[in-house]
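Before any comments, here is the structure.
In the numbering used here, the protein residues as written are 78 to 226.
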């Protein structure tokens, strides 16, 4: 990346949540808080709604909707147990950025694989087959920012 390191990007993610506080509510893995204000705000981790997955993992929805500049965005944080996948490999129209906070994950993209740890950033381009698996011995925690419809 030019101008910002992956570490700075991961540290700045909470600030991004505050900047993007003017979104309208939409459905996600877990439903984001109802009635998001049209002003900047912070999202406390312990106040985010939690959705528990069948694999023992959890997701916390932060926000979803359309930015004032027109982009559609959805932000959530996932905790993935060792050896687990959030879902089978898939593809979709929107693009995704995944920022690894803790743990070690294997990212599969169009039959290529890469293992990344804390501070790593993954990019799943639109309509690209991709999947994620926790290949570490501890839970993996990561943020997802989905952009587009």
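C-beta atoms are modelled at their ideal positions from N, C-alpha and C, and glycine is treated no differently.
DSSP three-state call for residue i: helix, strand or coil?
| i | result |
| --- | --- |
| residue 179 | strand |
| residue 124 | helix |
| residue 156 | strand |
| residue 116 | coil |
| residue 131 | coil |
| residue 141 | strand |
| residue 151 | strand |
Taking C-alpha atoms, which residue in the options lies nearest to residue i?
| i | options | result |
| --- | --- | --- |
| residue 182 | 173, 170, 163, 167 | 163 |
| residue 219 | 195, 147, 201 | 195 |
Between residue i and residue j, is the Cβ-Cβ spacing less than 8 Å?
| i | j | result |
| --- | --- | --- |
| residue 222 | residue 174 | yes |
| residue 207 | residue 165 | no |
| residue 205 | residue 187 | yes |
Just confirm the distance between the C-beta atoms of residue i and residue j, as a whole number of angstroms; I'd bet it's less than 8 Å.
| i | j | result |
| --- | --- | --- |
| residue 127 | residue 135 | 5 Å |
inquiry  = What ranges does the beta strand (DSSP E) occupy inside the stretch 163–225, keeping only unbroken runs of at least 3 residues that lie completely in it?
reply    = 172–179, 182–186, 189–193, 198–201, 207–211, 217–224
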